[in-house]
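Notes for the one structure printed next.
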Amino acid sequence: MLNLTAYKRQEPHPWSSCLVFLAAVLLSLAVSAILLKLQGKPALQGIELLFRGALGSRWSIEDCLIKAIPIFLCSLGVAIAFRLQIWNIGAEGQFALGAIGATWAALTFPDQPAYLLLPLMAVMAFVAGGLWGLVPALLKLRMRANEIIVTLMLNYIAILLLDYLVYGRWKDPGSFGFPMTKTFSATAIVPKITGTEINWGLGLCLICGMVMWVFFRFTRKGFELKVAGENLNATRYAGLPYEKLVCFVMITSGALAGWAGFIEASATINRLQPSIMVGYGYTAIVVAWLARLNPLTIGIASFLLAALRVGIENLQLELQVPAAFGGIMEGMILLTVLAGSYFNEFGFRLRRRS
Amino acid sequence: MNAELIIPLLAAAIQSGTPILYATLGEILTEKAGVLNLGVEGMMITGALAAFVTAQVTGHPALAFLMAGLVGAVVGGIHALVCLWFLGNQVVSGLALTIFGLGLADYLGTPLIGQTAPGFDKLALPLVHGIPVLGPIVFQQDILVYTAIIMVPLVWFFLEKCRWGLNLRAVGEHPEAAAAAGINVLRYRWIGILGGGCLAGFGGAYLSLAYTHLWTSNLTGGRGWIAVALVIFAFWRPGRALLGAYLFGGVMAFQLRLQAVGTHLPSSLLLMLPYFLTVLVLVFSSWKSRQTDAPAALGVNFEPND
Numbered sequence: 001m002l003n004l005t006a007y008k009r010q011e012p013h014p015w016s017s018c019l020v021f022l023a024a025v026l027l028s029l030a031v032s033a034i035l036l037k038l039q040g041k042p043a044l045q046g047i048e049l050l051f052r053g054a055l056g057s058r059w060s061i062e063d064c065l066i067k068a069i070p071i072f073l074c075s076l077g078v079a080i081a082f083r084l085q086i087w088n089i090g091a092e093g094q095f096a097l098g099a100i101g102a103t104w105a106a107l108t109f110p111d112q113p114a115y116l117l118l119p120l121m122a123v124m125a126f127v128a129g130g131l132w133g134l135v136p137a138l139l140k141l142r143m144r145a146n147e148i149i150v151t152l153m154l155n156y157i158a159i160l161l162l163d164y165l166v167y168g169r170w171k172d173p174g175s176f177g178f179p180m181t182k183t184f185s186a187t188a189i190v191p192k193i194t195g196t197e198i199n200w201g202l203g204l205c206l207i208c209g210m211v212m213w214v215f216f217r218f219t220r221k222g223f224e225l226k227v228a229g230e231n232l233n234a235t236r237y238a239g240l241p242y243e244k245l246v247c248f249v250m251i252t253s254g255a256l257a258g259w260a261g262f263i264e265a266s267a268t269i270n271r272l273q274p275s276i277m278v279g280y281g282y283t284a285i286v287v288a289w290l291a292r293l294n295p296l297t298i299g300i301a302s303f304l305l306a307a308l309r310v311g312i313e314n315l316q317l318e319l320q321v322p323a324a325f326g327g328i329m330e331g332m333i334l335l336t337v338l339a340g341s342y343f344n345e346f347g348f349r350l351r352r353r354s
Numbered sequence: 355m356n357a358e359l360i361i362p363l364l365a366a367a368i369q370s371g372t373p374i375l376y377a378t379l380g381e382i383l384t385e386k387a388g389v390l391n392l393g394v395e396g397m398m399i400t401g402a403l404a405a406f407v408t409a410q411v412t413g414h415p416a417l418a419f420l421m422a423g424l425v426g427a428v429v430g431g432i433h434a435l436v437c438l439w440f441l442g443n444q445v446v447s448g449l450a451l452t453i454f455g456l457g458l459a460d461y462l463g464t465p466l467i468g469q470t471a472p473g474f475d476k477l478a479l480p481l482v483h484g485i486p487v488l489g490p491i492v493f494q495q496d497i498l499v500y501t502a503i504i505m506v507p508l509v510w511f512f513l514e515k516c517r518w519g520l521n522l523r524a525v526g527e528h529p530e531a532a533a534a535a536g537i538n539v540l541r542y543r544w545i546g547i548l549g550g551g552c553l554a555g556f557g558g559a560y561l562s563l564a565y566t567h568l569w570t571s572n573l574t575g576g577r578g579w580i581a582v583a584l585v586i587f588a589f590w591r592p593g594r595a596l597l598g599a600y601l602f603g604g605v606m607a608f609q610l611r612l613q614a615v616g617t618h619l620p621s622s623l624l625l626m627l628p629y630f631l632t633v634l635v636l637v638f639s640s641w642k643s644r645q646t647d648a649p650a651a652l653g654v655n656f657e658p659n660d
């Protein structure tokens, strides 16, 4: 009798990760179609609306790019932490803190010229997000507290802190009771790239992505980080400064998510309000893992998941599908890719059973 | 404060602690088998929805409760499939499960927001409900509170005294050795994950059937994550899980009371309390715990060597 057995490949299969991703997307689309059908909506038309809404026009592609900016920045941060096997689930909270930091600067110095105010906002976002990331790092190192849970709890706390500010202290008296700050002054708004709706956050993404690539490829610290992440025991034997690396990684991670919050508050909604929190921080984790923590592929995956969000907005508009649809698809894609990665590492052969 | 305030508060503490207790016991079971499942929140909320819909359709709360356990186990089964068969990363898989579960429950539950379903009412236990102080706090609750309390010694007995439980723990401590001794590692990990999913589903069912009787979006509100933290606080022991869950229930109930009374503190600051407490409790218990409390093979996949 023939028997199918798995064996470990010496090298990952060259094309399989692409194939696995495609298969994951197809499977998720199929399940989504079933879910649409279950709610009595036309399934095929739904899928078509999803694609057309995301990639059907110049306007929608620009929208994808705008949404890809915060996802990319958060994801880059998450990826650095994951490289060291530090499970930073806190991009969402660090994003919120970044937005809060930038807003503080924008509301306190509204009359400063843009060339002073925008850098100040960026610095404040960097500091606030970075410190919010440093807290779990210190708790992990000093008290052995699990960073997954601490970062997650800090997400909830950060969102409530943001609520507290916009419902109280920072509420615009002219907002008719809506929880939001005043619209930022013109000098506190990141400008758009001429001729498009896309803001210069895209430039920031390019720079950060490049720096990250160079960092991992050419610098000593980047190399240390890679080694430490792959083998924690080797880290100890080689005398690498593990504690410093953890702090460095979490500050950078938090600061990048903070910048995403800054861009989102400044360029996209021009003020701070609770609706700024749409879960980019969680999408970033999906992206980082799909992209296998590599800056270039993070760019591609950020665009794709941003496109998914834009497509679902269209679906929401045309078929009244709840926005939660996005969560289902993100979760499914990630789960199938995780399972599918098995086929990168293992091959199969038929064997005669003795 | 006088007894008229304290007794309802403590009774409310037990109520809001019960869903966390179910989920924490479940996660203890899963982690004892050496699998980390961060999908508790996702399993809880899908369980809650399953219970709610079943109760609405059939009108039988007991059936709804069991349905929640079944659905929780099925959703947990996805994690088992990804991690046990396909050797996916346990941390990421659990997270994906939470994202998926929250999305699914939100998507399917949106049309139900604001609707009610038949659930469990308070059931005073004969004889003991009359005991002063203790009676109104513990013995005038709904039946799900009692079953949760019974679960604590059951899980303890299973893990400490039962042959299957010992095997399950062996698999969580040293899977290679367990396999060498002829124990089917994957089978016991399946049991741990499915059992944990079932209990998380029960916890969700408590929220929709007994705690609120009505469907709102984001019903679980991070309770699944609190359960994951409580496992560490409990040092993986069911008895301490009870303590931790009721402690959290107390803080949540206290926070709700304060809001109802109307303090000058903004509600967003009060709502932070349970999350702050989670961090505090986690820091404190991680600092005190020894490395040996955690199952040694927690989070490490078992690769069958060919």
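In order, the protein sequences belong to chains G and P.
Numbering-wise (our numbering), the first sequence opens with residue 1 and increments by one.
Numbering-wise (our numbering), the second sequence opens with residue 355 and increments by one.
All C-beta atoms, glycine included, are put in the ideal place defined by N, C-alpha and C.
Indicate the three-state DSSP secondary structure (helix, strand or coil) for R9 of chain G in the structure shown.
Working through the first sequence from its first residue, we reach residue 9 of chain G at position 9. It is coil, neither helix nor strand.
Short of 6 Å in beta carbon distance, which residues of its chain neighbour L334 of chain G, apart from the five on each side in sequence? Order them along the chain.
Position 334 of the first sequence, counted from the start, is the residue given in the question as residue 334 of chain G. Contacts found: V286.
Mapping DSSP to helix, strand and coil, what is L35 of chain G?
Position 35 of the first sequence, counting from 1, holds the residue named residue 35 of chain G. Here L35 of chain G sits in helix by DSSP.
With distances taken between CB atoms, is the gap from I361 of chain P to P490 of chain P smaller than 8 Å?
One-based indexing of the second sequence puts residue 361 of chain P at position 7. One-based indexing of the second sequence puts residue 490 of chain P at position 136. Contact flag set, yes.
Since G551 of chain P and G426 of chain P are thought to touch, with beta carbons under 8 Å apart, how far apart are those beta carbons, to the nearest angstrom?
Position 197 of the second sequence holds residue 551 of chain P. Position 72 of the second sequence holds residue 426 of chain P. The Cβ separation is near 4 Å, so the contact holds.
Using a Cβ-Cβ cut-off of 8 Å, state whether R144 of chain G counts as contacting chain P.
Sequence index remark: in the first sequence, residue 144 of chain G carries index 144 (1-based). Judged by the 8 Å Cβ criterion, R144 of chain G is in contact with chain P.
Check whether chain G comes within 8 Å of T464 of chain P, counting only Cβ atoms and requiring the distance to be less than that.
The residue given as residue 464 of chain P occupies position 110 in the second sequence. Taking Cβ atoms only, chain G reaches closer than 8 Å to T464 of chain P, which makes this a yes.
Tell me which residues of the region 450-475 of chain P have at least one Cβ-Cβ distance to chain G shorter than 9 Å, keeping chain order.
So the close ones are A450, L451, T452, I453, F454, G455, L456, G457, L458, A459, D460, Y461, L462, G463, T464 and P465.
Does any residue of chain P bring its CB to less than 8 Å from the CB of F325 of chain G?
Indexing the first sequence from 1 puts residue 325 of chain G at position 325. Yes - at least one Cβ of chain P is within 8 Å of the one on F325 of chain G.
Would you say L612 of chain P and L624 of chain P are within 8 Å of each other, going by their C-beta atoms?
The residue given as residue 612 of chain P occupies position 258 in the second sequence. The residue given as residue 624 of chain P occupies position 270 in the second sequence. Result yes, Cβ atoms of L612 of chain P and L624 of chain P sit closer than 8 Å.
So what does DSSP say about D163 of chain G, is it helix, strand or coil?
As a working note, residue 163 of chain G is residue 163 in the first sequence. Helix at D163 of chain G.
Going along the region 65-86 of chain G in order, which residues come within less than 7 Å of chain P, judged by CB to CB distance?
Hits within the stretch: zero.
Quick one: grab the DSSP three-state call for D63 of chain G.
Here the question's residue 63 of chain G lines up with position 63 in the first sequence. In this structure, D63 of chain G counts as helix in the three-state DSSP scheme.
With H, G and I counted as helix, E and B as strand and the rest as coil, what does DSSP make of F21 of chain G?
Against the first sequence, residue 21 of chain G aligns to sequence position 21. In this structure, F21 of chain G counts as helix in the three-state DSSP scheme.
Could you tell me which chain G residues have their CB closer than 7 Å to the CB of F630 of chain P, listed as they occur along the chain?
Taking the first residue of the second sequence as position 1, residue 630 of chain P is located at position 276. Going along chain G in sequence order, the residues near F630 of chain P (Cβ under 7 Å) are I157.
For F440 of chain P, go through chain G and note every residue whose CB falls closer than 8 Å to its CB, in chain order.
Locating residue 440 of chain P in the second sequence gives position 86, where the first residue counts as 1. Simply L338, A339, G340, S341 and Y342.
Thinking just about the alpha-carbon of each residue, which of G:G40, G:L50 and G:G203 is nearest to the one in A323 of chain G?
Taking the first sequence and counting its residues from 1, one reaches residue 323 of chain G at position 323. Checked all of G:G40, G:L50 and G:G203; the closest Cα to A323 of chain G is G:L50.
Can you round the beta-carbon distance between V661 of chain P and G593 of chain P to whole angstroms, since I take them to be within the 8 Å contact cut?
It is not possible to answer for residue 661 of chain P, since the shown part of chain P is limited to 355 through 660.
What's the call for K386 of chain P, buried or exposed, on a 16-neighbour Cβ count within 10 Å?
If you number the second sequence from 1, residue 386 of chain P lands on position 32. Counting Cβ neighbours within 10 Å, K386 of chain P comes out buried, since at least 16 surround it.
Which residues in chain G have a C-beta closer than 7 Å to the C-beta of L424 of chain P? List them in chain order.
Translated into positions along the second sequence, residue 424 of chain P becomes position 70. In chain order: nothing, as chain G lies at least about 19 Å away.
Quick check: is the beta carbon of S370 of chain P nearer than 8 Å to any beta carbon in chain G?
Stepping through the second sequence from its first residue, residue 370 of chain P is reached at position 16. Chain G, which has no Cβ nearer than 8 Å to the Cβ of S370 of chain P, makes this no.
When the Cβ atoms of the region 260-274 of chain G are set against those of the region 174-193 of chain G, are three or more pairs found closer than 8 Å?
With the cut-off at 8 Å, the region 260-274 of chain G and the region 174-193 of chain G touch.
Just mark C18 of chain G as buried or exposed, buried being the case when its beta carbon has 16 or more other beta carbons within 10 Å.
As a first step, residue 18 of chain G is located in the first sequence; it is residue number 18 there, counting from the start. Answer is exposed; the Cβ neighbour count stays below 16.
Is the CB of G90 of chain G under 8 Å away from at least one CB in chain P?
Residue 90 of chain G sits at position 90 when you count from the first residue of the first sequence. No, G90 of chain G does not count as interfacial toward chain P.
Within 8 Å of any Cβ in chain G, is that where the Cβ of M421 of chain P sits?
As a position in the second sequence, residue 421 of chain P is number 67, starting the count at 1. No, its Cβ sits nowhere closer than 8 Å to a Cβ of chain G.
Can you name, in chain order, every residue of its own chain whose Cβ lies under 6 Å from the Cβ of G101 of chain G, other than the five neighbours on each side?
As a first step, residue 101 of chain G must be located in the first sequence, where it is residue number 101. Hits under 6 Å: M124, A125 and A128.
Quick check on DSSP: helix, strand or coil for R351 of chain G?
What you label residue 351 of chain G is simply residue 351 of the first sequence in a count that begins at 1. R351 of chain G falls in the strand class under three-state DSSP.
Can you tell me whether K67 of chain G is buried or exposed? The criterion is at least 16 other CB atoms within 10 Å of its CB, across all chains shown.
As a first step, residue 67 of chain G is located in the first sequence; it is residue number 67 there, counting from the start. Its Cβ being crowded by 16 or more others within 10 Å, K67 of chain G is buried.
Work out the CA separation of F474 of chain P and A650 of chain P for me, nearest whole Å.
As a first step, residue 650 of chain P is located in the second sequence; it is residue number 296 there, counting from the start. As a first step, residue 474 of chain P is located in the second sequence; it is residue number 120 there, counting from the start. If I take the Cα positions, the gap works out to 40 Å.
Which same chain residues, not among the five before or five after W590 of chain P, have their C-beta less than 8 Å away from its C-beta?
For this step, residue 590 of chain P is matched to residue 236 along the second sequence. Cβ within range, chain order: I382, E385, K386, D647, A648 and P649.
Per DSSP, F346 of chain G forms a beta bridge with which residues?
Within the first sequence, residue 346 of chain G is the residue found at index 346, counting from 1. G:K8, per the DSSP bridge assignment.
Return the chain-ordered ranges of every beta strand (DSSP E) run that is complete within the region 508-590 of chain P and spans a minimum of 3 residues.
You should have found no qualifying run.
According to DSSP, K642 of chain P sits in a beta bridge with which residue or residues?
Against the second sequence, residue 642 of chain P aligns to sequence position 288. Bridge partners of K642 of chain P: none, in fact.
Whose Cβ in chain G lies nearer than 9 Å to the Cβ of N443 of chain P?
In the second sequence, the residue the question calls residue 443 of chain P occupies position 89. Chain G residues near N443 of chain P: W289, L338 and S341.
What three-state label does DSSP hand T470 of chain P in the structure shown?
Taking the first residue of the second sequence as 1, we reach residue 470 of chain P at position 116. Correct three-state label for T470 of chain P: strand.
What does E147 of chain G reach in chain P if we use C-beta pairs closer than 9 Å?
Translated into the one-based positions of the first sequence, residue 147 of chain G becomes position 147. None at all; the shortest Cβ gap to chain P is about 10 Å.
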